[in-house]
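In our numbering, the protein residues as written are 200 to 416.
Read through the structure below, which is laid out as structure tokens, and then see the notes.
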Amino acid sequence: MTFPKIPGFRQFAALTFMFIVLGGCYMPMRYDAEIEITRQGYYKFIFDGYLAKVELYDGIRRNKIDLTKEKEEIEKIRKDFATDANASDFAYHRKGYFRVHWEREGDILKSKTVIFLRRNEYILGMSYNRKTGRVGMQGRSLKKDTRNKLAEIGLGGTNGEIRVITDLPMIASNATKVAKNRKRGPGFKTYTLEDQEHLRADPKPHSGASVESTLAK
């Protein structure tokens with residue numbers, strides 16, 4: 200697919216990427232995420248994998264939620280995702296775990312903000328700041344005590360991969376792997392981030408994964 204140049208659009212000052220997991224309702228446990236963004240500002244954002252609803256999982260684990268209540272809670276979650284036009288293929292697995300596919304594409308210069316799942320359930324997202332010219336994919340990590348509590352109830356491990364595909368020249372990156380993406384086109388690279396440790400009970404210190412880039416005229 201070829202995108203036209205946007206008149207008056209000079210550059211991204213920077214593009215930053217950071218994986219986010221919050222101690223809210225939904226926790227990504229096993230997943231695959233891919234975010235492609237071109238120098239013209241067009242993006243495609245995909246999340247596919249398993250999430251756990253923490254409160255439901257813990258209630259089932261402690262035998263505080265019976266089968267009837269579990270079914271009621273899952274129906275609420277199903278209806279919640281049904282209101283999101285970008286979500287599909289919802290399927291309940293067991294013990295508070297469910298699978299979902301989420302996909303959205305468009306122009307970040309027009310959208311300004313793209314969030315999976317939503318503002319009050321922020322898992323992964325990106326935004327464009329018109330004043331600074333920055334596109335950021337960002338968030339915050341779990342606090343150590345929260346990680347420890349999750350580990351204690353059996354949610355102490357996550358297995359995911361996040362790929363950022365772009366033709367933007369990078370300023371900095373702490374991706375675990377960087378490779379040219381000739382299949383996508385000249386100048387494109389894939390920045391891969393493997394998320395397998397930040398939910399450990401005693402993880403190595405880290406501030407999340409990030410890449411920074413500028414978009415030339």
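No residue lacks a Cβ here, since even glycine has one placed at the ideal position from N, Cα and C.
Since the structure is predicted, the reported quantities are computational estimates derived from the model, not experimental observations.
- Cβ-Cβ distances below 8 Å link Arg260 to Lys294, Ile352 and Gly353 in the same chain, with the five nearest sequence neighbours on each side left out; the list follows chain order.
- Between the alpha carbons of Thr312 and Met325 lies a distance of about 6 Å.
- For Asp306, DSSP records a beta bridge to Tyr241.
- The Cβ neighbour count for Val334, taken over all protein chains shown within 10 Å, is at least 16; the residue is labelled buried.
- Per DSSP, Ala286 lies in no alpha helix (DSSP H); the unbroken beta strand (DSSP E) holding it starts and ends at Ala286 to Arg293.
- Non-local C-beta neighbours of Ile264 in its own chain, meaning closer than 8 Å and more than five positions away in sequence, comprise Leu255, Gly258 and Glu272, ordered along the chain.
- Per DSSP, Ile276 is one residue of the alpha helix (DSSP H) stretching across Leu266 to Ala281.
- Around the Cβ of Val377, a 10 Å sphere holds fewer than 16 other Cβ atoms; the residue is exposed.
- Listed in chain order, the non-local C-beta contacts of Gly240 below 6 Å within the same chain comprise Asp306, Ile307 and Leu308, local neighbours out to five positions each way being set aside.
- In the structure shown, Ala378 adopts extended strand secondary structure according to DSSP, grouped into three states.
- Shown here for Phe315: same chain residues with a beta carbon closer than 6 Å to its own, the five before and five after excluded, namely Phe246, Trp301, Ile322 and Leu323 in chain order.
- Residue pairing of Ile352 in beta bridges, as defined by DSSP: absent, with no partner found.
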